[in-house]
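Heads up: the sequence shown runs through residues 114 to 536, numbered per the numbering used here.
Ideal Cβ positions, reconstructed from N, Cα and C, are used throughout, including at glycine.
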Amino acid sequence: MNILLVGSGGREHALAWKIAQSPLVKRLVASPGNPGMAKVCELAEWKPTEVARLVQLAKEMAADLVVIGPELAIEAGLADALEEAGIPCFGPTAAAGRLESSKAFTKAFAERHHIPTARYRICEDAPAAKAALDDFEPPYVVKADGLAAGKGVVIAQDRAAAEAAIDDAFGGGFGSAGQTIVLEEYLEGEIGSLFALGDGRSSMVFGWAQDHKRAFDGEEGPNTGGMGTYSPAPVFTWDLVEEVRERLVEPAFKGIAREGAPYRGVLFVELMATRDGPKLVEFNARFGDPECQVLMLRLESDIVPYLMACATGRLHEMPAPRWRDEHAVCVVLATQGYPGKAEAGSVIRGADADFGPDVVVFHAGTSTGEDGLLRAGSGRALNVCAVGADLAEAREKAYGAVASIDWPEGFHRTDIGWRALAR
Ligand code: AMP
Ligand code: GLY
114 MNILLVGSGG REHALAWKIA QSPLVKRLVA SPGNPGMAKV CELAEWKPTE
164 VARLVQLAKE MAADLVVIGP ELAIEAGLAD ALEEAGIPCF GPTAAAGRLE
214 SSKAFTKAFA ERHHIPTARY RICEDAPAAK AALDDFEPPY VVKADGLAAG
264 KGVVIAQDRA AAEAAIDDAF GGGFGSAGQT IVLEEYLEGE IGSLFALGDG
314 RSSMVFGWAQ DHKRAFDGEE GPNTGGMGTY SPAPVFTWDL VEEVRERLVE
364 PAFKGIAREG APYRGVLFVE LMATRDGPKL VEFNARFGDP ECQVLMLRLE
414 SDIVPYLMAC ATGRLHEMPA PRWRDEHAVC VVLATQGYPG KAEAGSVIRG
464 ADADFGPDVV VFHAGTSTGE DGLLRAGSGR ALNVCAVGAD LAEAREKAYG
514 AVASIDWPEG FHRTDIGWRA LAR
């Protein structure tokens, strides 16, 4: 098979790493990819939103399958254009992808399909939003409506902080994603990320993990796209997985199909395990980043038949995937300042050393110049991942590798997986 993989982050490096191991694959091209991915596949130059170019490339390489990594390609309608061209695609159409691209759409969707979620209000301007705070109690949850790379959420401890977040959002602090905001009831509980595959008709749970969204140790600092993950996560008991499948996953796939937009790809369910059962925090229309990294390390089955089955409506023929018993951990290394302003271009040394069979370093935002040095972008740069017999061993291996990477301008959290270890 020839496969085109779209994207350039750590998630896509992990997907490329796993796809490249499949005996079914003859040719794997990633666009635009990154220097780490260049070691496992060919790279093309088109960005995820260059839809016409990507469709052209898929035709030229006689792609049997296109795998979409990032949400921006989904929102840009890449799956729609591929469907028109008759090329199987793993990744939902723009209409189905609204489950991620608009929080306002998702909240109303959840209401229509009786999916448990936090009570909410949608606000179009700052005075209305400030008045609507009366309907909630602290801590206040203030969210930008559109895509904001996981950074468009503020949990405000008091009213003054909530009002400042509202002013910031309407003042452009979240970019164009902040023109509409969603206020939400604060959910008390433990967070979890569950993944489910869909092919428009059937669906299947496809792993789970826990992410650490805050920038600093002890869940301090601003929300990020994710600073580290581990899998399995003990918050996911079999009962919880079953309840999430029944109350969140099934109604979502059935609902979006009934609304005329059958969903082909992976649905990422971010949920809060509360005292009253699992509640939806948000849907994403793609694998989580960095959840995907730990899932790929633990996935024993060949991933390609699953991706293809989603794209071609044959998921019902697939057995449940097999997972390794080992635990996996991912530690994100980011440029100091992320998720705020951070200077791109600092040099990273030692990232491509051989750390042994249990450690894999995925590249996220990196580049190499003519001098051959590896340089970081202004955000998350590397994902240092490891597997071990238990979480403690996986962590030890991952942090051992982190310690030998020489990058003074970078930072990372030192407590990935603390909730599981504290149990
Ligand atoms: P999101 O971008 O919606 O995934 O939110 C980012 C983070 O904010 C989540 O991972 C949660 O930790 C937190 N969060 C979002 N919504 C809520 C809520 N309603 N109650 C409590 N925490 C929330
Ligand atoms: N790690 C959460 C996300 O991908 O948005």
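Distance between residue j and residue i (C-alpha atoms, nearest Å)
{"i": "Gly204", "j": "Val119", "result": "10 Å"}
{"i": "Ala449", "j": "Phe524", "result": "The displayed chain sequence assigns Gln, not Ala, to residue 449. In a straight line, the C-alpha of Gln449 is about 6 Å away from that of Phe524."}
{"i": "Leu191", "j": "Tyr299", "result": "35 Å"}
{"i": "Ala507", "j": "His440", "result": "6 Å"}
{"i": "Ala127", "j": "Val180", "result": "13 Å"}
{"i": "Ala257", "j": "Pro161", "result": "22 Å"}
{"i": "Gly378", "j": "Glu158", "result": "24 Å"}
{"i": "Val500", "j": "Arg411", "result": "8 Å"}
{"i": "Gly302", "j": "Leu361", "result": "17 Å"}
{"i": "Arg488", "j": "Glu509", "result": "26 Å"}
{"i": "Gly373", "j": "Asp528", "result": "43 Å"}
{"i": "Trp351", "j": "Gly284", "result": "44 Å"}
{"i": "Trp321", "j": "Thr387", "result": "17 Å"}
{"i": "Val153", "j": "Arg124", "result": "14 Å"}
{"i": "Arg435", "j": "Leu408", "result": "11 Å"}
{"i": "Phe308", "j": "Val382", "result": "6 Å"}
{"i": "Asp281", "j": "Pro452", "result": "15 Å"}
{"i": "Ala189", "j": "Glu163", "result": "8 Å"}
{"i": "Ser135", "j": "Glu155", "result": "15 Å"}
{"i": "Glu276", "j": "Phe366", "result": "36 Å"}
Residue i beta carbon near the ligand GLY (any heavy atom closer than 7 Å)
{"i": "Asp402", "result": "yes"}
{"i": "Gly338", "result": "yes"}
{"i": "Asn496", "result": "no"}
{"i": "Asn115", "result": "no"}
{"i": "Asn397", "result": "yes"}
Neighbourhood of residue i by C-beta, 7 Å cutoff - its chain only, sequence neighbours within 5 removed
{"i": "Met174", "result": "Asn115, Leu117, Arg140, Val142"}
{"i": "Ala242", "result": "Cys236, Ile279, Ile294, Leu296"}
{"i": "Asn147", "result": "Ser121, His126, His476, Thr479"}
{"i": "Leu310", "result": "Ser316, Met317, Phe319, Val379, Tyr419, Cys423, Leu428"}
{"i": "Ala464", "result": "Val474, Leu487, Leu495, Ile518"}
{"i": "Gly305", "result": "Trp321, Gln323, Ala346, Val348, Phe349, Leu384, Ala386"}
{"i": "Val445", "result": "Gly339, Met340, Gly341, Pro403, Arg493, Asn496, His525"}
Reduced DSSP secondary structure (H/G/I, E/B, other) of residue i
{"i": "Phe222", "result": "helix"}
{"i": "Gln323", "result": "strand"}
{"i": "His126", "result": "helix"}
{"i": "Leu393", "result": "strand"}
{"i": "His429", "result": "helix"}
{"i": "Pro335", "result": "strand"}
{"i": "Pro205", "result": "coil"}
{"i": "Ile279", "result": "helix"}
{"i": "Ala436", "result": "The amino acid occupying residue 436 in the given sequence is Trp; Ala does not appear at that position. The answer is strand: DSSP assigns Trp436 an E or B state."}
{"i": "Lys152", "result": "helix"}
{"i": "Ile268", "result": "strand"}
{"i": "Val348", "result": "coil"}
{"i": "Asp248", "result": "helix"}
{"i": "Arg234", "result": "strand"}
{"i": "Lys131", "result": "helix"}
{"i": "Met340", "result": "coil"}
Where the beta strand (DSSP E) through residue i begins and ends
{"i": "Arg327", "result": "327–329"}
{"i": "Phe381", "result": "377–387"}
{"i": "Val362", "result": "That residue, Val362, is in no beta strand (DSSP E); it is neither H nor E in DSSP."}
{"i": "Arg493", "result": "493–501"}
{"i": "Ser306", "result": "303–312"}
{"i": "Ile116", "result": "115–120"}
{"i": "Ile187", "result": "No beta strand (DSSP E) holds Ile187; the alpha helix (DSSP H) holding it covers 184–188."}
{"i": "Arg526", "result": "Arg526 -> no beta strand (DSSP E), and no H or E assigned at all."}
Any non-hydrogen atom of the ligand AMP within 7 Å of residue i CB
{"i": "Lys326", "result": "yes"}
{"i": "Leu118", "result": "no"}
{"i": "Glu383", "result": "yes"}
{"i": "Leu361", "result": "no"}
{"i": "Lys256", "result": "yes"}
{"i": "Leu307", "result": "no"}
{"i": "Ala274", "result": "no"}
{"i": "Tyr376", "result": "no"}
{"i": "Val379", "result": "no"}
{"i": "Leu300", "result": "yes"}
{"i": "Val348", "result": "no"}
{"i": "Ile228", "result": "no"}
{"i": "Val266", "result": "yes"}
{"i": "Val394", "result": "yes"}
{"i": "Ala231", "result": "yes"}
Close beta carbons around residue i, own chain, < 6 Å, minus the five adjacent residues each side
{"i": "Ala514", "result": "Phe468, Val472, Val497"}
{"i": "Ala171", "result": "Leu117, Val179, Ile200"}
Residues near residue i in its chain [Cβ-Cβ closer than 8 Å; skip 5 each side]
{"i": "Met421", "result": "Met114, Asp177, Leu178, Pro201, Phe203, Arg427"}
Any non-hydrogen atom of the ligand COA within 7 Å of residue i CB
{"i": "Ala129", "result": "This structure does not include the ligand COA; its bound ligands are the ligand AMP and the ligand GLY."}
Span of the alpha helix (DSSP H), counted from its first residue to its last, around residue i
{"i": "Val407", "result": "404–411"}
{"i": "Pro240", "result": "239–245"}
{"i": "Ser214", "result": "211–214"}
{"i": "Glu196", "result": "191–198"}
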